[in-house]
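Enquirer:
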Amino acid sequence: MSDQTMPGVPGMVSIGRNTAMRLMIGNLPPDTSDEDLREFVNKYMPVEFASITHIDVEGEHPSVLLEVCGAEHVLLAEMQRRFHHLYWKGCELTAHVMLFSE
16 MSDQTMPGVP GMVSIGRNTA MRLMIGNLPP DTSDEDLREF VNKYMPVEFA
66 SITHIDVEGE HPSVLLEVCG AEHVLLAEMQ RRFHHLYWKG CELTAHVMLF
116 SE
C-alpha cells in the first residue's frame, strides 16, 4: 500500500501497512555505545528499542536508526522534537523520523 494524503487534513499523510518508521539520531559522539544511547534516550523518553542500527560508524559523528517497540508516528515525532538540537557529550544532535517501505 502506498502513502496517501488524508482527506480533510492538510499536510497529513496516511502511512501504509508496509511502512516502517524509525528515528534517526545523528551527530553522535564517536564512542557512543548502545548502552550509552539507551540510557540517554530513556532519560528523556522511557521507551524500549526493537533495534539499533549504526550508520557511518567510521565517521567523525556517526548516526543511528532507532526502531522503538510499538512506536507510532506521534511518539517518534515527539522524540524528534526532544532530541533535535539537543547537546550531548559536546555534540549538537540531529533527529529525524524516517519512513521505509518494507
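Under this note's numbering, the sequence shown is numbered contiguously, ending at residue 117. Ideal Cβ placement from N, Cα and C applies to all residues, glycine included.
#1: Label ILE70 either buried or exposed according to how many other C-beta atoms from any shown protein chain fall within 10 Å of its C-beta, with 16 as the threshold for buried.
#2: When the distance is taken between beta carbons, is VAL89 closer than 8 Å to ALA65?
#3: By a C-beta neighbour count over all protein chains shown, 10 Å radius and 16 as the cutoff for buried, is PRO25 buried or exposed?
#4: Within its chain, find whatever has a CB closer than 8 Å to the CB of HIS76; leave out the 5 residues flanking it on each side and keep chain order.
#5: Is the separation between the beta-carbon of ALA110 and that of HIS99 shorter than 8 Å?
#6: With DSSP as the reference, label VAL79 as helix, strand or coil.
#7: For ARG96 and ASN57, I'd like the C-alpha separation in whole angstroms.
Expert: Let me lay it out:
#1: exposed
#2: no
#3: The predicted position of PRO25 is uncertain, since its pLDDT is 44 and thus under 50; a value taken from the coordinates is nonetheless stated next. Exposed is the call here.
#4: GLY41, ASN42, LEU43, PRO44, PRO45 and CYS106
#5: yes
#6: strand
#7: 15 Å
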